[in-house]
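Residue numbers (this note's numbering), protein chains in the order written: chain X, 556 to 632; chain F, 16 to 389.
Idealized CB from N, CA, C, for every residue including glycine.
Fair warning: this is a prediction, and the values are worked out from it, not measured in the lab.
What follows is a set of notes on a single structure, which appears directly below.
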Ligand code: SF4
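Structure follows, in structure tokens:
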């Protein structure tokens, strides 16, 4: 029920709506709950609304942390 | 898919699991609750229990909105749907949930009620515009993720001057439920919560932020790590929880920093505050009556409140007394310890809240436990 998926904004439409690409599927969603989202941004979509924007830099940082932890795990196994 | 695939990488998952195994090799046991049904689902779907060392146990929390809605509220929705003028719109997950006497919305629909499955409350608004001579009621359920969309829809209905749209509001609040788990009489009887920390909600936290959990970390000395819904997110969060426990810390940490900030989404929060207010008390399936744990529509938007509009009387459904959900949701028992599990109670015929949707603890054990045994 709460599983919301990251989607990329492809176009801004009237009435606070946007067209997004959800894993290859094009869909219209509402941007009424977020500010300043532009074309190319990734947002988390839930029940037809963008809940938040995904921060690309933070995503990179988290992935780097995984790699570091995993390497430490393997290294001394 | 970007922001999905790279968070499911199998090699990294094994490496993270190994790092957990080393960090947890301290001679003690660890029990962590994942509050969200979304995490429960991910944990079973990706076989995370098999990756974890025996000393780390995951307890599945009440964070599935379909599971926690009490039978009485489902009965009220079915009663609404039975009115000839009403079109009842609902998220698909709710249709099969049994009410009293084995009724459900899907059975009501088969019997002639106009029940429509919608993906979004925007669809319900559209149905109201297209059917001006009918009463369109949106059956709103869910945590802080679905509440802002409902608030937006109510406000939009006001702007559009829609007079045939209303909301049957069942929105509930995550922090109140966490507090209830930590405070329950059962837990007090035993002297302590058998939980060492929480994996905090992913998408709920995108809205409310990480700040509301700080109270639990301080007041109850339980670490909270907010995590995304992908398997690597969950593993990383478990590793962070183990580290905090080992260091004797209880802090709020945010693994899901790509979408969660300390303050959450201010626009969504403001909209919710404009349209909704707290209920003094609300019943949760599996937890019982929880004070200040749910929302209702404010007086200013009373015209859109289905409970007022149709004079709905509160109803009380009866739970099966043998159902162990209250203990399971607090980490005191496992699904297999319930006498009804996989016998009288199955996903096709759920007798308690934890079996109702695939995100519930009993349903997840039933579905994935068998697959693994086979
Ligand atoms: S198996 Fe069914 S009856 Fe038993 S605790 Fe789980 S949901 Fe309740």
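At the 8 Å Cβ level, is residue i part of the contact set with chain X, yes or no?
i, result
"residue 27(F)", "yes"
"residue 16(F)", "yes"
"residue 64(F)", "no"
"residue 49(F)", "no"
"residue 283(F)", "yes"
"residue 381(F)", "no"
"residue 188(F)", "no"
"residue 260(F)", "no"
"residue 174(F)", "no"
"residue 388(F)", "Confidence at residue 388(F) is low in this model, with a pLDDT of 42, below 50, so its placement is unreliable and the value that follows should be read with caution. Residue 388(F) does not count as touching chain X."
"residue 117(F)", "no"
"residue 83(F)", "no"
"residue 264(F)", "no"
"residue 268(F)", "no"
"residue 139(F)", "no"
"residue 185(F)", "no"
"residue 103(F)", "no"
"residue 369(F)", "no"
"residue 55(F)", "no"
"residue 314(F)", "no"
"residue 149(F)", "no"
"residue 160(F)", "yes"
Does any CB atom of chain F fall closer than 8 Å to the CB of residue i?
i, result
"residue 631(X)", "Because the pLDDT at residue 631(X) is just 47, under 50, the model does not fix this residue reliably, and the value given afterwards should be weighed accordingly. Yes, because at least one Cβ of chain F sits closer than 8 Å to the Cβ of residue 631(X)."
"residue 508(X)", "Any property of residue 508(X) remains undetermined from this structure, which presents chain X solely from 556 to 632."
"residue 588(X)", "yes"
"residue 606(X)", "yes"
"residue 580(X)", "no"
"residue 556(X)", "Residue confidence is low: residue 556(X) scores 48 on pLDDT, short of 50, so the model does not pin down where it sits. No coordinate-derived value is stated."
"residue 610(X)", "yes"
"residue 595(X)", "no"
"residue 602(X)", "yes"
"residue 614(X)", "yes"
"residue 622(X)", "yes"
State the beta-bridge partners of residue i as determined by DSSP.
i, result
"residue 154(F)", "105(F) and 183(F)"
"residue 72(F)", "46(F)"
"residue 366(F)", "Partner(s): none; residue 366(F) has no beta bridge."
"residue 12(F)", "Nothing can be reported for residue 12(F), as the shown portion of chain F is limited to 16 through 389."
"residue 566(X)", "574(X)"
"residue 309(F)", "187(F)"
"residue 597(X)", "563(X)"
"residue 608(X)", "598(X)"
"residue 582(X)", "575(X)"
"residue 255(F)", "Answer is none; residue 255(F) lacks a bridge partner."
"residue 13(F)", "The structure shown has nothing for residue 13(F), since chain F only spans 16 to 389."
Among the options, which has the Cα closest to the Cα of residue i?
i, options, result
"residue 16(F)", "625(X), 591(X), 597(X) and 585(X)", "597(X)"
"residue 578(X)", "599(X), 593(X) and 590(X)", "599(X)"
"residue 257(F)", "39(F), 96(F) and 298(F)", "39(F)"
"residue 332(F)", "118(F), 177(F), 79(F) and 213(F)", "118(F)"
"residue 243(F)", "170(F), 343(F), 273(F) and 288(F)", "273(F)"
"residue 287(F)", "169(F), 55(F) and 246(F)", "169(F)"
"residue 79(F)", "381(F), 20(F), 384(F) and 368(F)", "368(F)"
"residue 177(F)", "146(F), 233(F) and 271(F)", "146(F)"
"residue 587(X)", "580(X), 603(X) and 576(X)", "603(X)"
"residue 384(F)", "365(F), 357(F), 366(F) and 226(F)", "357(F)"
"residue 293(F)", "191(F), 319(F) and 210(F)", "191(F)"
Just checking residue i against the ligand SF4 - is the residue's beta carbon closer than 7 Å to any of the ligand's heavy atoms?
i, result
"residue 59(F)", "no"
"residue 363(F)", "no"
"residue 374(F)", "no"
"residue 215(F)", "no"
"residue 84(F)", "no"
"residue 340(F)", "yes"
"residue 13(F)", "Any question about residue 13(F) goes unanswered here, given that chain F covers just 16 to 389."
"residue 367(F)", "yes"
"residue 586(X)", "no"
"residue 355(F)", "yes"
"residue 93(F)", "no"
"residue 395(F)", "Given a span of 16 to 389 for chain F in the structure shown, any question on residue 395(F) remains unanswerable."
"residue 185(F)", "no"
"residue 343(F)", "yes"
"residue 377(F)", "yes"
"residue 335(F)", "yes"
Cβ closer than 8 Å: which chain B residues qualify as neighbours of residue i?
i, result
"residue 626(X)", "No chain B is part of this structure, whose protein chains are labelled X and F."
Practice task
Decide if the stretch 185 to 193 of chain F is in contact with the stretch 157 to 164 of chain F; the criterion is three or more beta carbon pairs, one per stretch, under 8 Å apart.
Solution key: In short, these stretches touch, since the Cβ pair count reaches three.
Exercise for the section: Give a yes or no on contact between the stretch 295 to 305 of chain F and the stretch 20 to 27 of chain F, applying the rule of three or more CB pairs nearer than 8 Å. Expected result: Contact between the stretch 295 to 305 of chain F and the stretch 20 to 27 of chain F is not established, with fewer than three Cβ pairs separated by less than 8 Å.
Handout entry: Touch test, the stretch 29 to 49 of chain F against the stretch 266 to 280 of chain F, Cβ-Cβ under 8 Å, three pairs minimum
Key = In the pairwise beta carbon analysis, the stretch 29 to 49 of chain F is classified as not touching the stretch 266 to 280 of chain F: fewer than three pairs are separated by under 8 Å.
Practice task
Decide if the stretch 61 to 80 of chain F is in contact with the stretch 366 to 382 of chain F; the criterion is three or more beta carbon pairs, one per stretch, under 8 Å apart.
Solution key: Enough Cβ pairs lie closer than 8 Å, so yes.
Handout entry: Inter-stretch contact at 8 Å, needing at least 3 Cβ pairs: the stretch 107 to 127 of chain F / the stretch 563 to 570 of chain X
Key = Counting C-beta pairs closer than 8 Å gives fewer than three between the stretch 107 to 127 of chain F and the stretch 563 to 570 of chain X, which falls short of the contact rule.
Exercise for the section: Spell out a yes or no on whether the stretch 335 to 351 of chain F and the stretch 51 to 62 of chain F are touching, meaning 3 or more CB-CB pairs, one atom from each, closer than 8 Å. Expected result: Because the criterion of three Cβ pairs below 8 Å is not met, the stretch 335 to 351 of chain F and the stretch 51 to 62 of chain F do not touch.
Exercise for the section: Inspect the CB distances between the stretch 84 to 102 of chain F and the stretch 321 to 338 of chain F and report whether three or more fall short of 8 Å. Expected result: Counting Cβ pairs under 8 Å, three or more are found: they touch.
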